[in-house]
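Chains as they are written, first to last, in our numbering: chain A, 84 to 565; chain W, 134 to 613; chain C, 115 to 212.
Think of the CB as a built atom: it goes at the ideal place given N, C-alpha and C, for glycine as much as any other residue.
Read the structure below first, then the notes.
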Amino acid sequence: MDNKYETIIGLEVHVQLDTDSKIFCSCSTEFGREPNTNTCPICLGLPGSLPVLNKKAVDYLLMTGLALNCEIASYSKFDRKNYFYPDLPKAYQISQYDLPLAKNGHINVKTKEGEHRIGITRIHLEEDAGKLIHEGSIDSSSGSLVDYNRTGVPLAEIVSEPDIRTPEQAREYLKHLKKTLEYLKVSDCNMEEGSLRCDANISLRPYGQKEFGTKVELKNMNSFKAIEKALEYEQKRQRKFIESNKDIIQETRTWDENKNITISMRGKEEANDYRYFPEPDLVPIEIDQESESKIKDNLPELPNKRKNRFINKYNIPEYDAEVLTDTRELADFFEDCVLEYNDPKEVSNWVMGEFLRLINEEKMSISDTKINGKLLADMLKLIEKGTISTKIAKTVFAEIFYTGKSPKDIVEEKGLKQISDQDKLEEIVKDIIADNPDVIEDIKNGKDRAIGFLVGQVMKETKGKANPQMVNKMFKEKIKQI
Amino acid sequence: MELYKCSLSELIKMLKENRVKLKDIHESISFRISNVDKRIKAFVSLNNNIKIDQLKTKDYIDDYLKGLPVAFKDNMSTEGIKTTCSSKMLKKYNPPYDATVVKKVKKSGGIILGKTNMDEYAMGSSTENSAFFPTVNPWGKNRVPGGSSGGSAAAVAAGMAPVALGSDTGGSIRQPASFCGVVGLKPTYGAVSRYGLVAFASSLDQIGPLAKKVDDIAIMMNVITGKDKNDSTSINNNYPDYTKYLKNDVKGMKIGIPNQYFEMEFDDQVRNSVISAVKKLEEAGAEVKKVDVTGAEYALAAYYIIATAEASSNLARYDGVRYGLRSDNVNNLRDMFSETRKEGFGEEVKRRIMLGTYVLSAGYYDDFYLKAQKVRTLIKNDFNKIFKEFDLMVSPTTPSTAFKLGEKRDPLEMYAADIFTVPVNIAGIPAISIPCGFDNKGLPIGFQIMGPHFKEEKIIQAAYTLEKILNLDIKYPELK
Amino acid sequence: MIDQKEVKYIANLASLKLSEDQVKKFSKQLSDILDYIEKLDELKTDNIRPTSYTVPVKNVLRDDVVKDSLDIKKVLKNAPERSNNQFRVPKIMDEEKK
Numbered sequence: 084m085d086n087k088y089e090t091i092i093g094l095e096v097h098v099q100l101d102t103d104s105k106i107f108c109s110c111s112t113e114f115g116r117e118p119n120t121n122t123c124p125i126c127l128g129l130p131g132s133l134p135v136l137n138k139k140a141v142d143y144l145l146m147t148g149l150a151l152n153c154e155i156a157s158y159s160k161f162d163r164k165n166y167f168y169p170d171l172p173k174a175y176q177i178s179q180y181d182l183p184l185a186k187n188g189h190i191n192v193k194t195k196e197g198e199h200r201i202g203i204t205r206i207h208l209e210e211d212a213g214k215l216i217h218e219g220s221i222d223s224s225s226g227s228l229v230d231y232n233r234t235g236v237p238l239a240e241i242v243s244e245p246d247i248r249t250p251e252q253a254r255e256y257l258k259h260l261k262k263t264l265e266y267l268k269v270s271d272c273n274m275e276e277g278s279l280r281c282d283a284n285i286s287l288r289p290y291g292q293k294e295f296g297t298k299v300e301l302k303n304m305n306s307f308k309a310i311e312k313a314l315e316y317e318q319k320r321q322r323k324f325i326e327s328n329k330d331i332i333q334e335t336r337t338w339d340e341n342k343n344i345t346i347s348m349r350g351k352e353e354a355n356d357y358r359y360f361p362e363p364d365l366v367p368i369e370i371d372q373e374s375e376s377k378i379k380d381n382l383p384e385l386p387n388k389r390k391n392r393f394i395n396k397y398n399i400p401e402y403d404a405e406v407l408t409d410t411r412e413l414a415d416f417f418e419d420c421v422l423e424y425n426d427p428k429e430v431s432n433w434v435m436g437e438f439l440r441l442i443n444e445e446k447m448s449i450s451d452t453k454i455n456g457k458l459l460a461d462m463l464k465l466i467e468k469g470t471i472s473t474k475i476a477k478t479v480f481a482e483i484f485y486t487g488k489s490p491k492d493i494v495e496e497k498g499l500k501q502i503s504d505q506d507k508l509e510e511i512v513k514d515i516i517a518d519n520p521d522v523i524e525d526i527k528n529g530k531d532r533a534i535g536f537l538v539g540q541v542m543k544e545t546k547g548k549a550n551p552q553m554v555n556k557m558f559k560e561k562i563k564q565i
Numbered sequence: 134m135e136l137y138k139c140s141l142s143e144l145i146k147m148l149k150e151n152r153v154k155l156k157d158i159h160e161s162i163s164f165r166i167s168n169v170d171k172r173i174k175a176f177v178s179l180n181n182n183i184k185i186d187q188l189k190t191k192d193y194i195d196d197y198l199k200g201l202p203v204a205f206k207d208n209m210s211t212e213g214i215k216t217t218c219s220s221k222m223l224k225k226y227n228p229p230y231d232a233t234v235v236k237k238v239k240k241s242g243g244i245i246l247g248k249t250n251m252d253e254y255a256m257g258s259s260t261e262n263s264a265f266f267p268t269v270n271p272w273g274k275n276r277v278p279g280g281s282s283g284g285s286a287a288a289v290a291a292g293m294a295p296v297a298l299g300s301d302t303g304g305s306i307r308q309p310a311s312f313c314g315v316v317g318l319k320p321t322y323g324a325v326s327r328y329g330l331v332a333f334a335s336s337l338d339q340i341g342p343l344a345k346k347v348d349d350i351a352i353m354m355n356v357i358t359g360k361d362k363n364d365s366t367s368i369n370n371n372y373p374d375y376t377k378y379l380k381n382d383v384k385g386m387k388i389g390i391p392n393q394y395f396e397m398e399f400d401d402q403v404r405n406s407v408i409s410a411v412k413k414l415e416e417a418g419a420e421v422k423k424v425d426v427t428g429a430e431y432a433l434a435a436y437y438i439i440a441t442a443e444a445s446s447n448l449a450r451y452d453g454v455r456y457g458l459r460s461d462n463v464n465n466l467r468d469m470f471s472e473t474r475k476e477g478f479g480e481e482v483k484r485r486i487m488l489g490t491y492v493l494s495a496g497y498y499d500d501f502y503l504k505a506q507k508v509r510t511l512i513k514n515d516f517n518k519i520f521k522e523f524d525l526m527v528s529p530t531t532p533s534t535a536f537k538l539g540e541k542r543d544p545l546e547m548y549a550a551d552i553f554t555v556p557v558n559i560a561g562i563p564a565i566s567i568p569c570g571f572d573n574k575g576l577p578i579g580f581q582i583m584g585p586h587f588k589e590e591k592i593i594q595a596a597y598t599l600e601k602i603l604n605l606d607i608k609y610p611e612l613k
Numbered sequence: 115m116i117d118q119k120e121v122k123y124i125a126n127l128a129s130l131k132l133s134e135d136q137v138k139k140f141s142k143q144l145s146d147i148l149d150y151i152e153k154l155d156e157l158k159t160d161n162i163r164p165t166s167y168t169v170p171v172k173n174v175l176r177d178d179v180v181k182d183s184l185d186i187k188k189v190l191k192n193a194p195e196r197s198n199n200q201f202r203v204p205k206i207m208d209e210e211k212k
């Protein structure tokens with residue numbers, strides 16, 4: 084944004100891991116249950132209760148670490164982070180301090196400035212806290228209510244190096260991260276339900292200066308857009324401060340979505356003395372080479388790798404490959420279809436065109452739709468055979484999308500079969516020629532493109548069912564004869 | 134003989150031989166409690182739901198305890214029975230679940246008799262830190278029963294319970310056992326599940342039995358040991374049938390006498406009694422030899438860092454939100470925390486929370502906590518080395534016999550009462566205290582036997598032998 | 115040595131309200147205990163690894179299986195204050211937010 088000051092951004096992302104049970108007890112992690120019905124002596128922190136670690140949470144964290152190019156710790160342990168808050172039942176959070184399960188990874192992001200490597204300092208495992216809500220309206224309420232259903236849902240905290248230089252890079256980093264986690268199926272990354280949350284640290288310094296400027300922590304950003312906007316706002320605010328020789332205060336600021344500004348949250352600073360020490364109720368975790376390799380070998384193909392494979396194997400444009408590998412479900416859909424109908428570019432056109440159009444229009448996820456790769460392939464075969472026209476195919480596609488019926492049945496039921504009957508078409512063509520003497524005249528005078536208009540008339544007449552190639556050919560022949 | 138005077142093993146034997154009715158045992162004990170607990174004050178609460186007429190001696194999953202009553206220190210979670218830790222904070226707390234040891238006792242046919250008094254949150258060595266009332270040593274009107282499991286020790290000593298469970302973080306089973314003239318075992322860390330034991334210092338706490346005879350300790354160990362899937366720190370091990378080690382035989386056993394412990398200044402009567410007991414073991418065929426060890430004062434110093442640090446964190450959950458006390462004097466959230474904790478905790482608990490918070494606070498971790506954990510390594514290694522050469526090590530349990538109520542006002546002076554018991558917790562090894570005599574005031578003296586990790590059976594064998602040699606019949610203090 | 119200012123800082127961290135008398139008393143008592151603890155400096159621990167776990171165990175894990183949670187009545191029965199099946203606390207002021 085500026086050639087005087089360099090922006091330094093680091094991100095801290097909390098991701099809920101999609102296990103069935105909580106990290107230290109057997110309560111369900113299901114979202115949206117009645118308050119406090121997913122709780123037990125352990126996640127309520129009742130006197131005498133003890134934690135036992137969920138194996139899947141560890142596996143998911145290791146998968147994440149390996150997918151983000153991290154080193155896996157051969158020896159790791161848990162620590163207690165001590166602070167008082169009503170949503171934290173034990174008044175300490177079980178987390179990892181000096182020996183996280185994964186560290187020293189990286190993500191490569193592409194922006195208009197080119198490719199940029201962003202380091203990942205560490206990924207550690209910890210427990211989520213409960214939820215607090217105001218009773219009644221904020222102004223009139225005298226109390227807050229605590230629901231501990233979320234307490235103990237496993238979280239991976241992913242901390243980046245201060246390697247990010249622009250808000251755009253921050254957004255791309257997050258997009259890549261989210262995509263990777265979704266590919267791994269370790270989290271649903273739903274920001275609205277809070278299963279992916281992001282805090283940012285941002286500071287400015289004059290180019291060439293080695294020391295970092297005073298950093299500000301940003302919280303409460305509920306979408307990637309909000310993160311980018313908050314960082315942009317903060318960039319400008321800090322620059323103004325520096326240029327008018329005002330000191331930037333090291334503090335936490337919250338993003339106000341309505342006003343589009345960041346606001347100081349004073350008072351939080353009072354007690355950041357968390358008194359970490361090793362959690363005596365849990366034993367250390369040791370991961371040997373063998374179990375690390377086993378997890379590594381079982382990782383699914385990751386987005387970038389899959390994208391490159393799509394380009395090479397299916398010979399589709401990079402843009403297509405990028406879009407198709409955006410989610411694992413979409414890429415699977417594409418590949419399932421190509422397996423049955425070996426024209427990758429044609430499949431890609433349909434997936435990127437009609438399929439994504441409907442998905443976006445309906446705000447649906449892929450799993451909500453009734454269509455699958457095989458059904459799309461069946462439909463494409465009908466086009467190839469000339470049973471339906473490309474135009475009619477769009478109607479058929481929508482029908483499959485919503486109902487999951489076989490394309491054949493749909494064509495049967497709705498009488499959408501293409502008219503390829505020579506005699507029937509000839510009759511219609513003759514009528515159209517008779518009705519449009521002016522157009523015929525134009526064509527004879529060399530305005531070939533007007534044939535399109537005539538074909539259109541036939542399509543209209545047949546409600547789109549005429550075989551356009553045949554009609555086109557007929558017009559050319561007939562007009563020549565006139 | 135009155136039934137309440139019988140040991141657990143005697144009662145089991147009589148039940149097996151149909152010489153006595155279970156109902157009569159319960160009634161005798163109940164009668165005894167109503168007679169003497171007004172004076173001793175061992176119990177915080179009694180189980181009012183025992184239906185004496187419906188008690189069975191058989192058909193439990195394990196039949197070890199045959200419907201006999203067991204007293205629990207009031208820091209073990211009992212569903213439907215208040216679990217107070219003798220603290221104002223938990224005065225009304227009624228847990229929704231049973232501790233693993235409680236389940237195990239029930240499964241073996243044990244009946245919860247009641248919950249015994251203790252130093253608040255197990256912090257203390259005299260049971261004077263109970264927020265409710267001090268317990269009195271059955272052997273001396275104005276004497277403390279020791280602590281923190283003072284209620285359990287006094288209940289057994291006064292014939293109000295054939296057996297009791299206590300917890301031991303720095304000596305809290307052995308020291309009161311010593312003061313009250315009963316037997317008390319702290320098992321290896323990890324041998325007994327801590328699930329449901331209200332935590333004081335998680336890496337040191339361990340549940341163990343207090344009883345009249347070593348036989349009873351062996352039976353209770355059969356009941357309570359074992360890996361628990363709810364306690365990550367409990368250990369999978371082949372726990373033996375401990376009653377098989379009730380053998381009068383110490384021939385060839387190598388017993389170490391720690392020089393540094395005996396070089397310390399402590400009560401001469403205690404010293405003489407312990408040395409004479411050692412001689413008797415030697416006469417019985419044990420090989421006794423002196424050995425150099427790390428001074429106990431270092432263990433005590435490390436203990437006061439580790440235990441308080443863990444406690445400061447373990448006791449942070451008492452914030453007035455989910456259970457326990459909430460102050461009425463609350464205007465905002467911070468007040469609710471600090472006023473509740475001010476009203477709910479006693480002075481010793483506050484002192485330890487303060488110390489523990491301090492040693493963990495920014496800038497001090499390396500100097501205190503990390504240093505203490507390193508010292509812990511030294512002490513542990515030292516014991517490991519010694520137990521390569523020796524089967525067991527012995528010492529007094531406490532530097533003196535039971536002191537007077539209100540006698541020790543200075544915290545450091547009180548802490549020194551744990552000097553011989555603390556190193557065992559620091560190293561995680563097992564140790565027993567058994568009576569070895571009385572001083573000239575008629576107060577019991579305790580003899581401590583320490584062993585390597587998971588070798589409780591050796592300790593039990595040596596203790597059983599000593600019990601036989603000394604021929605100390607169960608004695609009962611005169612109580613009116 | 116812990117001075118009174120430090121005692122107050124620690125009390126705040128531990129959420130303990132102390133009277134002025136207690137601050138004074140704790141300052142003295144905690145200083146005495148720390149003096150005693152200084153004994154540890156007599157031991158050389160430079161190359162010693164710290165012990166957090168006295169018995170060697172590692173990788174104690176459970177399978178990801180959901181079991182019944184506690185009945186809601188039991189969850190709430192000890193609550194000092196409750197409302198709509200939730201635990202009620204004094205209103206959280208903005209400055210108290212995390």
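Please check if any C-beta of chain C sits within less than 8 Å of the C-beta of residue i.
i              : result
residue 177(A) : no
residue 165(W) : no
Can a CB atom of chain W be found closer than 8 Å to the CB of residue i?
i              : result
residue 253(C) : Only positions 115 to 212 of chain C appear in this structure, which leaves residue 253(C) out of reach.
residue 141(A) : no
residue 135(C) : no
residue 360(A) : yes
Suppose contacts are defined by Cβ-Cβ distances below 8 Å. Is residue i in contact with residue j by that definition?
i              : j              : result
residue 150(C) : residue 444(W) : no
residue 421(A) : residue 175(C) : no
residue 164(C) : residue 510(W) : yes
residue 86(C)  : residue 122(A) : A query on residue 86(C) cannot be resolved here, the shown segment of chain C reaching from 115 to 212 and no further.
residue 344(W) : residue 316(W) : yes
Which chain A residues sit within Cβ distance under 7 Å of residue i?
i              : result
residue 181(C) : 109
residue 117(C) : Neighbours of residue 117(C) on chain A: none; closest Cβ ~17 Å, over 7 Å.
In chain C, what lies closer than 8 Å to residue i by C-beta?
i              : result
residue 218(A) : 197, 202, 205
residue 138(A) : 175, 176, 177, 178
Would you verify that the beta carbon of residue i is, or is not, closer than 8 Å to some beta carbon of chain A?
i              : result
residue 167(C) : yes
residue 329(W) : yes
residue 454(W) : yes
residue 186(C) : yes
Could you tell me which chain C residues have their CB closer than 7 Å to the CB of residue i, listed as they occur along the chain?
i              : result
residue 470(W) : 129
residue 510(W) : 162, 163, 164, 165
I want to verify the contact list: residues of chain W whose CB lies under 9 Å from the CB of residue i, in sequence order.
i              : result
residue 131(A) : 208, 209, 210, 216, 228, 230, 232, 327, 328, 329, 330, 331, 332
Starting from the beta carbon of residue i, find every residue of chain W whose beta carbon is closer than 7 Å, and list them in chain order.
i              : result
residue 364(A) : 335, 365, 366
Segments of 4+ residues assigned as alpha helix (DSSP H) that fall wholly inside the stretch 233-271 of chain W: 233-240
Inter-stretch contact (C-beta, 8 Å, three-pair minimum) for the stretch 394-401 of chain W and the stretch 531-545 of chain W: At 8 Å Cβ cutoff, the stretches touch.
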